[in-house]
Every structure is written in structure tokens, then in C-alpha cells.
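Enquirer: Mapping of the sequence shown onto our numbering: residues 21 to 204, in sequence order.
For every residue, glycine included, the Cβ atom is placed at its ideal position computed from N, Cα and C.
My questions all concern the structure below.
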Amino acid sequence: MQLTDRSKKTDKSEMTLLETLYLPEIARGMGITLKHFFMKKPTIRYPEQKRYLGPVFRGHHILKRDEQGRERCTACGLCAVACPAEAISMVAAERVKGEEHLYREEKYAAAYEINMLRCIFCGLCEEACPKEAVYLRHDKFVPVFTSREQVIYGKDQLVEDMNDRYERDAWTKEEMQKLWDKQK
Ligand code: SF4
Ligand code: SF4
Numbered sequence: 021m022q023l024t025d026r027s028k029k030t031d032k033s034e035m036t037l038l039e040t041l042y043l044p045e046i047a048r049g050m051g052i053t054l055k056h057f058f059m060k061k062p063t064i065r066y067p068e069q070k071r072y073l074g075p076v077f078r079g080h081h082i083l084k085r086d087e088q089g090r091e092r093c094t095a096c097g098l099c100a101v102a103c104p105a106e107a108i109s110m111v112a113a114e115r116v117k118g119e120e121h122l123y124r125e126e127k128y129a130a131a132y133e134i135n136m137l138r139c140i141f142c143g144l145c146e147e148a149c150p151k152e153a154v155y156l157r158h159d160k161f162v163p164v165f166t167s168r169e170q171v172i173y174g175k176d177q178l179v180e181d182m183n184d185r186y187e188r189d190a191w192t193k194e195e196m197q198k199l200w201d202k203q204k
């Protein structure tokens, strides 16, 4: 009994002389090869060239600083609570007098760690953060690693570099496409 109409009937009739020569099929195959030869190449030379990943791509985490370079995170722990993989841990500390230029809030994360082996890149930490401090970059992968120690990301790998600021809004699809075209 036939459940669908998707099956194809096999043609078991004798091949014609032209078919036994295979020449038309070889020519057809060569035509397809030639067509692809002149088509735009889909491969890119990563990591020199980077493909546009999309505005909602969730990659490498970043702990943002504010406009004055102060850490935004106030160590409230909401990201850790929201994390379904229990990948985030932190140690909170009180800001003391003279540290106002370092930390925006009265409380800050003295230590902040994300275990990338646990992380499933769901973005819930980003959603939960009331200080717009933690983001998952849409332009950067988590690099390959060779040992477990390398994937416990501390503040040294997470806190934003003021000389290389991450601005998600500035990375529109058109802008990224222009960058990509320039690299070709
Ligand atoms: S992206 Fe998801 S799994 Fe990863 S640290 Fe954030 S909340 Fe946890
Ligand atoms: S990153 Fe945001 S949610 Fe997480 S502890 Fe810091 S301020 Fe709170």
C-alpha cells in the first residue's frame, strides 16, 4: 500500500544508443560545474574575513562599561538566578570612597565568572540584567579551547575594553555587510 505520492517509479526500460554513450549527461554535468565556477564563492577566509552573523546572534559575553568607563554591573545576581545552566557566579563587594570612577553603582562584582562549558547561549542573563551590563556579542564567537580552565571566563575576558567598545546598535546588517564586502 502506498502511503504518499512522493515515491518515484524506476525506469527499467532499455537505454537508447545516445544514453549508452553518456555524452549528453557528461555535457550536462560539465555545464553545472562551469555554472558554479563563475558563481560567487560561498566560502570565506575565516578568521581574516568574518561573516555577518545577524543582529540576534548570541556569542561571546561582555560586561559593559558606561560612557565614563565605569563598570555597569552591580552584582545583583539576577543574571545568575536567570541562568538555566547555572553558569554564572560572582562575588559582590562594596564600592569604597575614591572608587566612583571605577564602578557606577555602590555595589560591584569583585569577581564575575561564566563557565562557557555550561553556557547554552540562551541570552536569559542579558534579559534579566537591570543595569544593561551583560550582553552576548553578536559579532564574536567564543574561541576554541583546549582545556577546561580556559573556558571559565573571568572579568579579564568579560569586561569591555574602552579602546574597543562594543556597540550593538551600531552594527546594523547594512554596516556589517559593507565591512564584509570591503574585506573581500
Ligand atoms: S547565555 Fe544563558 S546559559 Fe549562558 S550564561 Fe547567560 S543565561 Fe546562562
Ligand atoms: S550583570 Fe546585570 S544582572 Fe548580572 S549581576 Fe551584574 S547587574 Fe546584576
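#1: Could you check if I108 is buried or exposed, using at least 16 other CB atoms within 10 Å of its CB as the buried criterion?
#2: Going along the chain, which residues put their C-beta within less than 7 Å of some heavy atom in ligand 1?
#3: So what does DSSP say about H158, is it helix, strand or coil?
#4: I'd like to confirm the pairing. Which residues does DSSP put opposite Y132 in its beta bridges?
#5: Return the first residue and the last residue of the beta strand (DSSP E) that I82 is part of.
#6: Mind the definition here: the stretch 180-188 touches the stretch 151-169 only if three or more C-beta pairs lie below 8 Å; say whether that holds.
#7: Specify, as a first and last residue, the run of the alpha helix (DSSP H) that F57 falls within.
#8: Using a Cβ-based criterion (distance less than 7 Å to any ligand heavy atom), does K151 qualify as near ligand 2?
#9: When the distance is taken between beta carbons, is I64 closer than 8 Å to R71?
#10: Within the chosen definition, does the stretch 118-129 reach the stretch 88-107 through at least 3 CB pairs nearer than 8 Å?
#11: Among all the DSSP beta bridges, which residues are the ones paired with K127?
#12: Could you pull the DSSP bridge partners for E91 from this structure?
Expert: In this structure, then:
#1: Under this definition I108 is a buried residue.
#2: R78, H81, C99, A102, C103, P104, A105, A107, I108, I134, R138, C139, I140, F141, C142, G143, L144, C145, E146 and L156
#3: coil
#4: As computed with DSSP, Y132 is found in a beta bridge with M110.
#5: For I82, the enclosing beta strand (DSSP E) covers residues H81 to L83.
#6: yes
#7: L43 to F57
#8: yes
#9: Cβ distance < 8 Å, so R71 and I64 count as in contact.
#10: These segments touch.
#11: Answer is E114, bridged to K127.
#12: R85 and Y123
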